[in-house]
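The structure appears below as structure tokens.
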Amino acid sequence: MALARDGTGSGTIARAYWSQVHPVFMTPPIAASLFGAILAGNVDPVLAAVHVLAMFAAVYTAHVKDGYVDFYVRGEDDDHPLTERGCRLGLAASTATFAGCCLLLAALVDALVLAVVVPTWLIAYYHAPQLDTNPVTATTGYPLGIALSVLGGFYVQAGTITVVPLGFAGVFLALLSGVKVIDDAQDYTYDRSIEKRTVAVAVGPSRAYDIAYGLMAVALAAVVVFAVARVFPLTALLAALAFAAVAAVARRAGPELATMLLVRGSYVFLAVLVAAVRFDPLGSLM
Numbered sequence: 001m002a003l004a005r006d007g008t009g010s011g012t013i014a015r016a017y018w019s020q021v022h023p024v025f026m027t028p029p030i031a032a033s034l035f036g037a038i039l040a041g042n043v044d045p046v047l048a049a050v051h052v053l054a055m056f057a058a059v060y061t062a063h064v065k066d067g068y069v070d071f072y073v074r075g076e077d078d079d080h081p082l083t084e085r086g087c088r089l090g091l092a093a094s095t096a097t098f099a100g101c102c103l104l105l106a107a108l109v110d111a112l113v114l115a116v117v118v119p120t121w122l123i124a125y126y127h128a129p130q131l132d133t134n135p136v137t138a139t140t141g142y143p144l145g146i147a148l149s150v151l152g153g154f155y156v157q158a159g160t161i162t163v164v165p166l167g168f169a170g171v172f173l174a175l176l177s178g179v180k181v182i183d184d185a186q187d188y189t190y191d192r193s194i195e196k197r198t199v200a201v202a203v204g205p206s207r208a209y210d211i212a213y214g215l216m217a218v219a220l221a222a223v224v225v226f227a228v229a230r231v232f233p234l235t236a237l238l239a240a241l242a243f244a245a246v247a248a249v250a251r252r253a254g255p256e257l258a259t260m261l262l263v264r265g266s267y268v269f270l271a272v273l274v275a276a277v278r279f280d281p282l283g284s285l286m
């Protein structure tokens, strides 16, 4: 049986599977894993690479499963590059890769690492059609995966979890949940027509925007509090300031432009946090 819907050649099949790699959504979990490793201090490149591969496999699982459900189960999408058998094979391969990484991490670190790694795959696999039908889980699924990626990246290096990675994980969970609410608002009309209960559908677009920017404000306020308390490096204040400036512009834009701005703003936010943890130029002046 065919694996790709557009042909049977190896090139066509490879492109079909590669189409499930979405850099915009793949980059943050990988970056979060490496950020967690940097938080831990000394970075073992082998452990970091295994955890990064696990996060990639988890997100790939989410993309293949989501595409399968939207096209073959719900009939929402107009097209999909993989056949049903191709989707199943892709899921099997990504899951096997993830399982292999888990076994390696358990052997190289300890079995407790699975507590912060395995949930990322569970969130990915059950995102559709289970978690994405509830306003809370549809919103927090991806951000929770990012938060767990930070914790996992830290744990595989340090063998424990401290208040610092927990604080950063909480900040990312709140911040990205706010961004996700705005992202979902782009599809408000369609989601409402199929009774898909995103936050925008559940409470209306206006209140959804208030909730979204409220979550982002809470996340930025937490950064300020943690930085002043010296739990976070003082330079983390610059990350909060940079994202706040982007959010102020996005607040006056429509959902599509706002999402684009906020997603890119979150990249800047993470980049400044990495610099803060690694170098902390403001802290060196105090």
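The sequence shown maps to residues 1 to 286 in UniProt numbering. Note that beta-carbon positions come from the ideal geometry of N, C-alpha and C, so glycine has one too. Computed from a predicted model, the values in this text were never measured in an experiment.
If you follow the alpha helix (DSSP H) that residue i is in, where does it begin and where does it stop?
i, result
"residue 206", "205–228"
"residue 270", "255–278"
"residue 238", "236–250"
"residue 123", "114–126"
"residue 196", "Note, residue 196: premise wrong, no alpha helix (DSSP H); not H, not E."
"residue 169", "163–185"
"residue 156", "135–158"
Measuring alpha carbon to alpha carbon, tell me which residue in the options is nearest residue i.
i, options, result
"residue 269", "246, 262, 249, 239", "239"
"residue 85", "196, 2, 266", "2"
"residue 46", "117, 109, 83, 89", "109"
"residue 125", "87, 104, 100, 152", "87"
"residue 166", "40, 257, 23, 192", "40"
"residue 19", "80, 7, 111", "80"
"residue 83", "27, 17, 111, 113", "17"
"residue 250", "134, 4, 213", "213"
"residue 261", "248, 273, 272", "248"
"residue 244", "279, 175, 277", "175"
"residue 138", "103, 104, 200", "200"
"residue 171", "155, 190, 224", "224"
"residue 192", "215, 134, 218, 241", "134"
"residue 21", "190, 63, 129, 104", "63"
"residue 276", "38, 113, 29", "38"
"residue 74", "195, 11, 113, 211", "195"
"residue 198", "217, 219, 215, 131", "131"
"residue 35", "48, 14, 24", "48"
"residue 67", "129, 23, 209", "129"
Who are the Cβ neighbours of residue i in its own chain at under 6 Å, not counting the five residues just before and after it?
i, result
"residue 77", "70, 71"
"residue 33", "51, 52, 55, 149, 153"
"residue 307", "As displayed, the chain neither begins before 1 nor continues past 286, which places residue 307 out of reach and without an answer."
"residue 226", "167, 232"
"residue 8", "2"
By Cβ distance below 7 Å, which residues in the same chain neighbour residue i in space, the five residues on each side in sequence not counted?
i, result
"residue 122", "none"
"residue 44", "157"
"residue 31", "270"
"residue 89", "3"
Beta-carbon of residue i versus every beta-carbon of chain D: anything under 9 Å?
i, result
"residue 24", "Structure shown: chain D not included; a single protein chain is present."
Can you determine whether any heavy atom of the ligand SAH sits closer than 8 Å to the C-beta of residue i, and answer yes or no?
i, result
"residue 71", "No copy of the ligand SAH appears in this structure; indeed no ligand is present at all."
Touching or not, the stretch 91–109 and the stretch 179–192, by the rule of three or more beta carbon pairs under 8 Å?
no
Using 8 Å as the Cβ pair cut-off and three pairs as the minimum, do the stretch 141–152 and the stretch 47–67 touch?
yes
Quick test of the definition: if touching needs 3 or more C-beta pairs under 8 Å, does the stretch 171–180 touch the stretch 256–267?
yes
Touch check for the stretch 112–129 and the stretch 147–159: three-plus C-beta pairs under 8 Å?
yes
Which complete alpha helix (DSSP H) runs does the stretch 15–86 hold, if anything under 4 residues is left out?
23–40, 45–68
With three or more beta-carbon pairs closer than 8 Å as the criterion, would you say the stretch 217–236 touches the stretch 248–258?
no
Count the CB pairs spanning the stretch 161–175 and the stretch 193–210 that are closer than 8 Å, and state whether there are at least three.
no
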